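So the structure is just underneath, and the comments pick up after that.
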Amino acid sequence: MVAGPEISRLISQFEEYSSRRKNTDDRHHDNSMSMQKDFIDKVRSLKTVMNDYGNPFLEDSEDIYKIDSKDIVQAGTGKLSQIKQIGCNQAALLEHTKRAAYQSGHVWGQAVIHDQHLPSPGDWGWVKENADGMWIPHWTQLAAIAASCQELHKCGCKKTCSGRCKCYKAGLTCTTLCSCSC
């Protein structure tokens, strides 16, 4: 919503003004002219923002409609266009389970302790990156499926295979699934 930052700014200004007030006995019932004038100015400012950017609270607002109808996953993920997108199921699940157990058991288990003594993340599904020493997830122990399952590769070359061929790029020979004459 475009109006969100402006509304947030107005609310924070109102809260800041309210917290600076000295007399807390009548904090909800100040009838002074300056308070009424300030309130009217804030309402006019909010009205201007809503006129310029649209009212984000209406049900038929286009911004809310876009949020409700936005696809979370890309449209192409329903199709497996490349073998590289197939995950290594059980091995990847094992590594993910290790990382989740480390996070929940060790890290969150010691969240209230001042001096935490955590085991090395290397034993719990993480590997240390060489470039800057950060721990990154280790996705699986298995090799990529594209390298291990040559028979699942196929290209769509019409005549002979060249630099654009999927099999050629992967360093594999064409199979009977390929439509080329190699």
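Residue numbers (full-length UniProt numbering): 1 to 182. Note that the Cβ used here is the ideal one computed from N, Cα and C, for glycine as well. As the structure is a prediction and not an experimental result, all values here were calculated from the model.
Supposed contact pair residue j and residue i - C-beta distance, whole angstroms, cut 8 Å
| i | j | result |
| --- | --- | --- |
| Thr140 | Lys154 | Not really, about 24 Å apart at Cβ, beyond 8 Å. |
| Cys180 | Thr173 | Not confirmed; about 11 Å, so no contact. |
Close Cβ partners of residue i (< 6 Å) along its chain, the five nearest in sequence each way excluded
| i | result |
| --- | --- |
| Tyr17 | none |
| Ser45 | none |
| Leu118 | His106 |
Where residue i falls: helix, strand or coil (DSSP)
| i | result |
| --- | --- |
| Pro119 | coil |
| Val127 | strand |
| Ile11 | helix |
| Asn136 | As written in the sequence, residue 136 is Ile, which differs from the Asn given in the question. Three-state result, Ile136: strand. |
| Gln141 | coil |
| Leu94 | helix |
| Val112 | coil |
| Leu46 | helix |
| Asp105 | Residue 105 is actually Gly in this sequence, not Asp. Gly105: helix per DSSP, three-state reduction. |
Cβ neighbours of residue i in the same chain (closer than 8 Å, five flanking residues each side left out)
| i | result |
| --- | --- |
| Lys66 | Here Lys66 scores only 48 on pLDDT, less than 50, and its place in the model is too uncertain to base an answer on. |
| Ser162 | Tyr168 |
Spatially closest choice to residue i from the options, by CA coordinates
| i | options | result |
| --- | --- | --- |
| Lys98 | Gly163, Trp126, Leu172, Phe39 | Trp126 |
| Leu10 | Met35, Ser34, Asp41, Lys37 | Asp41 |
| Lys159 | Pro137, Cys182, Leu177, Ala170 | Cys182 |
| Asp38 | Asp52, Gln13, Gly171, Pro137 | Gln13 |
| Glu95 | Cys165, Pro137, Ser34, Met50 | Pro137 |
Cβ shell of residue i (< 7 Å), same chain only, five flanking positions each side left out
| i | result |
| --- | --- |
| Asp68 | Unreliable positioning characterises Asp68 in this predicted model, as indicated by a pLDDT of 46, which lies under 50. A coordinate reading is not provided. |
| Lys128 | Gly122, Trp135 |
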